[in-house]
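Asker: Chain order of the listed sequences is U and R. Going letter by letter, the first sequence gives residues 1 to 80 in the numbering used here. Going letter by letter, the second sequence gives residues 81 to 319 in the numbering used here. What follows is a structure written as structure tokens; I'll ask about it next.
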Amino acid sequence: MRQPPKRVSVLRIAVLLAALFELFALVVLVRFTPILFTLFMFFGELLFGVALLLLVGAVLADLRAKQLLPWGPDQPETSQ
Amino acid sequence: MAQELSRRRVAIIALVPILSPVAAAATEIAVPRPKGWIGTVNDWMVGLGIAFAVLGLVLLALAWRSLRTGAVTPTARGWLLVAVGLVPIMVLFLCFSYGLEASSTVQGCGACHTMTPFVRDLENVKSTTLAATHFKNRYIREAQCFTCHSDYGLGGTVAAKFEGLGHVWRYTTGSYTVPIKIAHPFPNLRCLHCHAASQKFLNSEGHPKEAIPDLVANKMSCLDCHGPAHPDQKQAARQ
């Protein structure tokens, strides 16, 4: 069985982290306590931040691999 | 017949926990809502926050599905951008705004049991403490604890929120001593922000004009004459 590229696994991790963030936010909105909100401020935002970084990194890497970006080592050489 | 009666009884028993909050609310004075009432900003923030969070979860499921092929297609990129990038920003904004507001309420402060004597005193209509007088007469409409314990303006709010983080840390780790004491002397400016411009304050014999600079400079405290602000904690705990 073929393994999916590393980028896809990274994107799946980003999706999972974003889902955890959404669930955390739901808990804060439905059952608010100051302690829960404080935890959300530190850990919830951290989850979202990491998910966003992973998304941007993986998408850029994917675009670069497909030579859709005008920079990077994968850019095809142009003949003079 | 007997079977039908028992069925009705079961239905009534099942309805009691659902209807009891409604019955409790009915005992309070029913002040009619203004015409066109659509809820408070906080109600909307909670409602929209929940809606966006649920929408986000659905979109994340779709984004996960779009990655099934093992390749990052343009469609998958679109789902991912919306589900991981855009919707959570909305959820974060709504949750954060709601949290900042909700943590400023009396219920928010009272969530920690160390605050119970203070909140109980506020709600005691027989109490003559300064805080209770302000609370029961609605001199401050809402967020009564936060209003008196934060300086005015954005800087005051930010400073109070950071102090609140410290309170949560000390409460969670148990690194506090009882009875609780205020961290800094209470600045008169927090009182004067409301009272200084009132005619009752300006024309009172108890506030001669020559004493006002001392009040502004915190050389004498409003609480010297108008205290205590809160009940004695040991006594309140016994009640």
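Even for Gly, the Cβ is constructed at its ideal location relative to N, Cα and C.
(1) What residues in the region 167-180 of chain R bring their beta carbon closer than 9 Å to a beta carbon of chain U?
(2) What are the start and end residues of the alpha helix (DSSP H) that includes residue 139 of chain R?
(3) Can residue 65 of chain U be considered in contact with the ligand PLP, in the sense that its beta carbon sits closer than 7 Å to one or more heavy atoms?
(4) For residue 118 of chain R, decide whether its Cβ has a neighbour in chain U, counting only Cβ atoms nearer than 8 Å.
(5) In chain U, which residues lie with their C-beta within 7 Å of the C-beta of residue 165 of chain R?
(6) Is there a Cβ from chain R that is less than 8 Å from the Cβ of residue 35 of chain U?
(7) Count the other C-beta atoms from every protein chain shown that fall within 10 angstroms of the C-beta of residue 278 of chain R, then say buried if there are 16 or more, exposed otherwise.
(8) What is the DSSP secondary structure of residue 6 of chain U, counted as helix, strand or coil?
(9) Is there contact between the region 180-196 of chain R and the region 206-213 of chain R, where contact requires at least three CB pairs shorter than 8 Å?
(10) Could you tell me if residue 201 of chain R is buried or exposed, where buried requires 16 or more neighbouring beta carbons within 10 angstroms of its beta carbon?
(11) Hey, quick one: how far does the alpha helix (DSSP H) through residue 188 of chain R stretch, first residue to last?
(12) What is the rounded straight-line gap between the Cα of residue 263 of chain R and the Cα of residue 311 of chain R?
(13) Residues in the same chain with beta-carbon distance under 7 Å from residue 27 of chain U, minus the five sequence neighbours each way, listed in chain order, please.
(14) Where does the unbroken alpha helix (DSSP H) through residue 279 of chain R begin, and where does it stop?
(15) With 8 Å set as the bound, which would you pick, yes or no: does the beta-carbon of residue 233 of chain R sit closer than that to a beta-carbon of chain U?
(16) Check for me: the alpha helix (DSSP H) holding residue 294 of chain R runs from which residue to which?
(17) What are the boundary residues of the alpha helix (DSSP H) that residue 38 of chain U is part of?
(18) Taking the C-alpha atoms as reference points, what is the distance between residue 323 of chain R and residue 123 of chain R?
(19) Measuring alpha carbon to alpha carbon, tell me which of U/19, U/67, U/33 ends up nearest residue 51 of chain U.
(20) Could you tell me whether the Cβ atoms of residue 8 of chain U and residue 150 of chain R are closer together than 8 Å?
(21) Can you pull the chain R residues whose beta carbon is under 7 Å from the beta carbon of residue 28 of chain U, in chain order?
(22) Can you list, in chain order, the residues of its chain with a C-beta nearer than 7 Å to that of residue 21 of chain U? Leave out the 5 residues immediately preceding and following it.
(23) Which one of R/271, R/169, R/177, R/140 has the shortest CA to CA distance from residue 29 of chain U?
(24) Against chain R, with Cβ distances strictly below 8 Å, would residue 59 of chain U count as a contact?
(25) Find out if the Cβ-Cβ distance for the pair residue 303 of chain R, residue 266 of chain R is shorter than 8 Å.
(26) Between which two residues does the alpha helix (DSSP H) carrying residue 203 of chain R extend?
(27) At a CB-CB cut-off below 8 Å, which residues of chain U make contact with residue 254 of chain R?
(28) Listed from N- to C-terminal order along the chain, which residues in the region 181-203 of chain R have their beta-carbon within a distance smaller than 7 Å of any beta-carbon of chain U?
(29) Is the region 54-73 of chain U in contact with the region 157-169 of chain R, if contact means three or more CB pairs nearer than 8 Å?
(30) Just checking: is the beta-carbon of residue 32 of chain U within a distance shorter than 8 Å of some beta-carbon in chain R?
(31) If I measure Cβ to Cβ from residue 212 of chain R and keep anything under 7 Å in the same chain, skipping five residues before and after, which residues do I get?
(32) Tell me which same chain residues have a C-beta within less than 6 Å of the C-beta of residue 38 of chain U, skipping the five on either side of it?
(33) Would you call residue 159 of chain R buried or exposed, if buried means 16 or more other Cβ atoms sit within 10 Å of its Cβ?
Answerer: Concretely, from the data shown:
(1) 167, 168, 169, 171, 172, 174, 175, 176, 178, 179, 180
(2) 121-146
(3) Among the ligands in the structure shown, none appear at all, so the ligand PLP cannot be discussed.
(4) no
(5) 52, 55
(6) The C-beta of residue 35 of chain U comes closer than 8 Å to at least one C-beta of chain R.
(7) exposed
(8) helix
(9) No, the region 180-196 of chain R does not touch the region 206-213 of chain R.
(10) By the neighbour-count definition (other C-beta atoms within 10 Å, threshold 16), residue 201 of chain R is a buried residue.
(11) It spans 186-190 - the alpha helix (DSSP H) in which residue 188 of chain R sits, taken as one unbroken run.
(12) 17 Å
(13) Cβ-Cβ distances below 7 Å link residue 27 of chain U to 36 in the same chain, with the five nearest sequence neighbours on each side left out; the list follows chain order.
(14) 279-282
(15) Closer than 8 Å: no.
(16) 292-296
(17) From DSSP, the alpha helix (DSSP H) with residue 38 of chain U extends over 34-39.
(18) Only positions 81 to 319 of chain R appear in the structure, and residue 323 of chain R is not among them; the question remains open.
(19) U/19
(20) Taking C-beta atoms as the reference points, residue 8 of chain U and residue 150 of chain R count as a pair closer than 8 Å.
(21) Below the 7 Å Cβ cutoff, chain R contributes 175, 179 as neighbours of residue 28 of chain U, in chain order.
(22) Around residue 21 of chain U, the same chain offers 44, 47, 48, 51 as residues with beta carbons nearer than 7 Å, after the five sequence neighbours per side are excluded.
(23) R/177
(24) Taking Cβ atoms only, chain R reaches closer than 8 Å to residue 59 of chain U, which makes this a yes.
(25) yes
(26) Taken as a continuous stretch (DSSP letters only), the alpha helix (DSSP H) holding residue 203 of chain R covers 196-203.
(27) By Cβ distance, chain U contributes nothing, its closest Cβ being about 13 Å from residue 254 of chain R, past 8 Å.
(28) 182, 183, 188, 191
(29) yes
(30) yes
(31) 201, 202, 204
(32) none
(33) buried
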